[in-house]
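Engineer: Just so we're aligned, residue 1 is where the sequence shown starts under full-length UniProt numbering, counting upward by one. Idealized CB from N, CA, C, for every residue including glycine. Note that this is a predicted model, so its numbers are computed, not measured. Handing you a structure now.
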Amino acid sequence: MNALNFPCHLHAVKGKALFLKRVITRNCQFQTEGSVVNYKKIFCKHVRNAGNSLGYTGELQTEDTKYLLDGENIQVTRTKKTRKLVEKIKDMLNDMKDGRSSVSPYDTAWVALIKDINGSDRPQFPSCLEWIIENQHSDGSWGEQFVFCIYDRLLNTLACVVALTTWNTTPEKRNKGVLFIKENICKLERGNVENMTCGFEIVFPALLDKAQHLDIDIPYNAPVLKNICARRDMKLKRIPKDVVHTIPTTLLFSLEGFCDLDWKRLLKLQMQDGSFLTSIASTAFAFMETNDLNCLRYLQRVVKKYNGGAPHSYPVDMQARLWAIDRLQRLGISYYFEEEFKDMLDHVQRYWNQDIGIFSGRNSNFCDIDDTCMAIRLLRLYGYDVNPDVLNKFKDGDKFFCLMGETDKSPTAMYNLYRCSQVSFPGEKILEDANKFTHNFLQHCLSNNQSLDKWLIAKDIPGEIQYALEVPWYASLPRVEARSYLEQYGGANDIWIGKTLHRMPDISNNVYLEAAKLDYNKCQSQHQFEWTIIQEWFTQCNFQHFGISKKELLEDYFLGATSIFEVERSRERLAWAKSLIMCKMITSYFTQEKPTTSTKNSNETRQMLLNNLLKFLHQLSEETYETLGKDIHLQLHSAVRIY
């Protein structure tokens, strides 16, 4: 069967109009602001015309889907599985709270190092030590189980070995961890720098110092370790100590890698929740140095929430909400969750800071461009009034950065800024500048095969970037985007890169993916069913007599489905396609290049035209009355007379 992947879309922009004009021409080109996206090309890509048949690809079997035909009103009962998945996703969105992230052995180990505040020779958080003991891999390491990143494995393993040695427990596990470090330390020489965990060159040497103090048997004189320590020293020399103590920077996320800190000044940079930039390890280190009770209360909340473990960062409520909405939108199933999205974006807007933007967690005194631009884009799309001038905080000359002082830019952060820059109003120069810079940056990344990202390990980042560059937002058809993103979205396999590798199930999970596939196939099945119906109508009305081909019918139905794709909007979709055919019929009758008396003045042809038109107008007014309770037959007849 021939394949058609329907691109379907109707941008829902509340509040101010976005001045995004669309002009549909006979060649299926959508134009706006001087640029042209050729949808004839997209149509030909997705439609394989053999006998004008219609099909779809990437199908998942949905055996319990049933179709009921009442005239041309097709009602589709949603599959039990789809309903179940949608309800599950709604529960996840409603229960998002502070956001979810997998446990980080590294951060858990730092919390486990804290001694009992009452003075006993025991850990303050014994559950963290128990978590470490119970979660060692069979090869002796700790870290992300299914994706091997040498930076992640060594950092996590060394931290856990230090914790076990500190409390002199489970020597067999400790020795197994040491053996893993010895056997794999050389792999650091071949490690992919783009996937180096954040701040590795700062925090890993600090752990080496602790390990050496505990007489842990590690080859400290290995050239690769000496090189890392040298890089640490060089980097620290470039950082003015005054900056660390006076301005909120990413250095607050890795305080455990520093020494000789002025904690009296640093505590002024502490967040409202007691943490240092939401970092568990950094906050644990701060408590060990200061005995600050706000740090302790924060750590107690985290360990309780994670049942003895600790994530790399907490909370992540802003990132979890924004990225979950983004993923569900791009997968084409956002229309199930409009109420949930409203609550989630209300939460984001509540903590939005117009002066600095936002961070992954609420109430942060430090922000980044990735979370900030994602918030601007989504808040605007849902009608919130947000000023993009905050992006000037992330602009240096004609360039943009994600974090102040970063040495290399993240393709995904610039990709998100590029998408944000397109949701703009006339005269917003900051977004114009962002669009120009990010477009060139992303083109360079693709051309030079430099799309590996420092924040995310995903299935197909180059494919996502390429689609965004080829199809700007104003011309994007979500059904095409959904079909593309279904291939690119990695589901639960996506890995996020912080100081350790971690997973964020609110953003990347297989429930979203499965629900999106089922919904996509359900819509495709409905469209295919309607294609059968509209072909029968086309034949009955004898439109070929007016020189209209089935290929034109297919194109017109395709255009209808690009804007009106939901299963329950069958009548709207069919009315759109039929209206286009009716217009072509009338145009053909009155504007043939070589009119002849036998054709133009034929009573049979004239009667056929009138019958087709009157039947269609009657059907349209009747269905509108049944659906909306409004009688529009006078308006329809008036419109036809004007036409």
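(1) Taking Glu552 as the reference, which of Leu477, Trp531, Leu501 has the closest Cα?
(2) Secondary structure at Ser120, three-state DSSP: helix, strand or coil?
(3) Apply the 10 Å Cβ neighbour rule to Gly51 and answer buried if 16 or more other Cβ atoms are within range, or exposed otherwise.
(4) How long is the line joining the alpha carbons of Gln300 and Trp167, rounded to whole angstroms?
(5) Just how far apart, CA to CA, sit Leu417 and Val348?
(6) Using the rule of at least 16 other Cβ atoms within 10 Å of the residue's Cβ for burial, across every protein chain shown, is Asp215 buried or exposed?
(7) Using a 10 Å radius around the Cβ and a threshold of 16 neighbouring Cβ atoms, would you call Ala468 buried or exposed?
(8) Nearest CA to the CA of Tyr520: which residue from Gln544, Arg321, Ala482, Asn510?
(9) Go ahead and pull the three-state DSSP assignment for Trp473.
(10) Any idea what DSSP makes of Ile24, helix, strand or coil?
(11) Taking the alpha-carbon of Leu609 as reference, which of Leu620, Ile356, Lys584, Val224 has the nearest alpha-carbon?
(12) Per DSSP, Leu456 forms a beta bridge with which residues?
(13) Using a threshold of 8 Å, state whether the C-beta atoms of Phe558 and Lys550 are closer than that.
(14) Where does Leu214 sit, in a helix, a strand or coil, going by DSSP?
(15) CA-CA distance, Leu456 and Met504?
(16) Excluding sequence positions up to five away, which residues of its chain have a Cβ less than 6 Å from the Cβ of Glu623?
(17) Quick one: Cα of Gly629 to Cα of Met92, how far?
(18) Tell me which same chain residues have a C-beta within less than 6 Å of the C-beta of Ser101, skipping the five on either side of it?
(19) Name the DSSP bridge partner or partners of Leu501?
(20) Would you list the one or two residues that DSSP bridges to Lys395?
(21) Between the beta-carbon of Val302 and the beta-carbon of Ile280, is there less than 8 Å?
(22) In terms of residues, what are the limits of the alpha helix (DSSP H) holding Thr79?
(23) So, are the CB atoms of Arg479 and Thr562 less than 8 Å apart?
(24) So which of Pro462, Pro388, Leu129, Ala639 has the shortest CA-CA distance to Ile430?
(25) Can you have a look at Phe616 and say buried or exposed, based on whether 16 or more other CB atoms are within 10 angstroms of its CB?
(26) With distances taken Cα to Cα, identify the nearest neighbour of Gln272 among Phe258, Phe366, Phe337, Asp242.
(27) Would Asp355 and Cys402 qualify as a contact pair, given that the criterion is a beta-carbon distance under 8 Å?
(28) Which term fits His444, buried or exposed, when burial requires 16 or more other beta carbons within 10 angstroms of its beta carbon?
(29) Hey, out of Gln422, Glu536, Ser120, whose CA is closest to Ala475's CA?
(30) In the DSSP assignment, find the alpha helix (DSSP H) that holds Asp370 and state where it starts and stops.
(31) Counting beta carbon pairs with one atom in the stretch 150-168 and one in the stretch 106-116, are three or more of them shorter than 8 Å?
(32) Look at the alpha carbon of Leu225 and the alpha carbon of Ala515, and state the distance between them as a whole number of angstroms.
(33) Using only the alpha-carbon positions, how far apart do Arg153 and Val471 sit?
(34) Is Lys113 buried or exposed, if buried means 16 or more other CB atoms sit within 10 Å of its CB?
(35) Assuming Phe558 is part of the alpha helix (DSSP H), what are its boundary residues?
(36) Given that a residue counts as buried once 16 or more other Cβ atoms are within 10 Å of its Cβ, and exposed if not, what is Cys186?
Structural biologist: Judging by the given coordinates:
(1) On the sequence shown, position 552 is the one that residue 552 refers to. Per the Cα distances, Trp531.
(2) The sequence position of residue 120 within the sequence shown is 120, counting from 1. Residue state, collapsed to three classes: coil.
(3) The sequence position of residue 51 within the sequence shown is 51, counting from 1. For Gly51, the predicted model reports a pLDDT of 35, less than 50, meaning its position is unreliable and no value from the coordinates is stated.
(4) Taking the sequence shown and counting its residues from 1, the one referred to as residue 300 is at position 300. Taking the sequence shown and counting its residues from 1, the one referred to as residue 167 is at position 167. Taking the straight line from one Cα to the other gives about 20 Å.
(5) Residue numbering aside, residue 417 sits at position 417 when the sequence shown is read from its first letter. Residue numbering aside, residue 348 sits at position 348 when the sequence shown is read from its first letter. Cα to Cα, Leu417 sits roughly 18 Å from Val348.
(6) Along the sequence shown, read from residue 1 onward, the residue named residue 215 stands at position 215. Label assigned to Asp215: exposed.
(7) Residue 468 sits at position 468 when you count from the first residue of the sequence shown. It is buried - the Cβ of Ala468 has at least 16 other Cβ atoms within 10 Å.
(8) By one-based count along the sequence shown, residue 520 stands at place 520. It is Ala482 whose Cα lies nearest to the Cα of Tyr520.
(9) The residue labelled residue 473 in the question sits at position 473 within the sequence shown. Three-state DSSP puts Trp473 in a helix.
(10) If you number the sequence shown from 1, residue 24 lands on position 24. The predicted model places Ile24 with a pLDDT of 29, which falls under 50 and marks its position as unreliable, so this point remains unresolved.
(11) On the sequence shown, position 609 is the one that residue 609 refers to. The residue with the shortest Cα to Cα distance from Leu609 is Lys584.
(12) Along the sequence shown, read from residue 1 onward, the residue named residue 456 stands at position 456. According to DSSP, Leu456 bridges with Trp496.
(13) Here residue 558 refers to the residue found at position 558 when the sequence shown is read from its first residue. Here residue 550 refers to the residue found at position 550 when the sequence shown is read from its first residue. No; because the gap between Cβ atoms is not below 8 Å, this pair is not in contact.
(14) Taking the first residue of the sequence shown as position 1, residue 214 is located at position 214. Three-state result, Leu214: coil.
(15) By 1-based counting over the sequence shown, the position of residue 456 is 456. By 1-based counting over the sequence shown, the position of residue 504 is 504. Rounded to whole angstroms, Leu456 to Met504 spans 11 Å at the Cα level.
(16) For the purposes of this step, residue 623 is taken as the residue at position 623 of the sequence shown. Answer for Glu623: Arg571, listed in chain order.
(17) Locating residue 629 in the sequence shown gives position 629, where the first residue counts as 1. Locating residue 92 in the sequence shown gives position 92, where the first residue counts as 1. Rounded to whole angstroms, Gly629 to Met92 spans 37 Å at the Cα level.
(18) The sequence position of residue 101 within the sequence shown is 101, counting from 1. Excluding residues within five positions, the ones whose Cβ falls inside 6 Å are Pro311, Val316, His502, Met504.
(19) Here residue 501 refers to the residue found at position 501 when the sequence shown is read from its first residue. In DSSP, Leu501 forms a bridge with Ile497.
(20) Start at 1 with the first residue of the sequence shown, and residue 395 comes out as number 395. Per DSSP, Phe400.
(21) Taking the first residue of the sequence shown as 1, we reach residue 302 at position 302. Taking the first residue of the sequence shown as 1, we reach residue 280 at position 280. Cβ distance < 8 Å, so Val302 and Ile280 count as in contact.
(22) If you number the sequence shown from 1, residue 79 lands on position 79. Taken as a continuous stretch (DSSP letters only), Thr79 belongs to no alpha helix (DSSP H), as it is neither H nor E.
(23) Walking along the sequence shown from the start, residue 479 turns up at place 479. Walking along the sequence shown from the start, residue 562 turns up at place 562. Yes, the pair counts as a contact, with Cβ atoms nearer than the cut-off.
(24) The sequence position of residue 430 within the sequence shown is 430, counting from 1. Ile430 has its Cα closest to that of Pro388, out of Pro462, Pro388, Leu129, Ala639.
(25) Stepping through the sequence shown from its first residue, residue 616 is reached at position 616. Classification of Phe616: buried, given that the 10 Å Cβ count is 16 or more.
(26) On the sequence shown, residue 272 is found 272 positions in, with the first residue counted as 1. Nearest option by C-alpha distance: Phe366.
(27) Working through the sequence shown from its first residue, we reach residue 355 at position 355. Working through the sequence shown from its first residue, we reach residue 402 at position 402. In this structure, Asp355 lies away from Cys402, with their beta-carbon atoms at least 8 Å apart.
(28) As a position in the sequence shown, residue 444 is number 444, starting the count at 1. So His444 ends up on the exposed side.
(29) In the sequence shown, the residue the question calls residue 475 occupies position 475. Cα-wise, what sits closest to Ala475 is Gln422.
(30) Counting from one through the sequence shown, the residue named residue 370 turns up at place 370. Run containing Asp370: 369-381, per the alpha helix (DSSP H) assignment.
(31) yes
(32) Counted from its first residue, the sequence shown places residue 225 at position 225. Counted from its first residue, the sequence shown places residue 515 at position 515. A straight-line Cα-Cα distance of about 47 Å links Leu225 and Ala515.
(33) If you number the sequence shown from 1, residue 153 lands on position 153. If you number the sequence shown from 1, residue 471 lands on position 471. Those two C-alpha atoms are separated by around 39 Å.
(34) Along the sequence shown, read from residue 1 onward, the residue named residue 113 stands at position 113. Position check: residue 113 holds Leu in this sequence, whereas Lys was assumed. By the neighbour-count rule (16 or more Cβ atoms within 10 Å), Leu113 is buried.
(35) Along the sequence shown, one-based indexing puts residue 558 at 558. Its alpha helix (DSSP H) spans residues 550-563.
(36) As a first step, residue 186 is located in the sequence shown; it is residue number 186 there, counting from the start. Cys186 comes out exposed.
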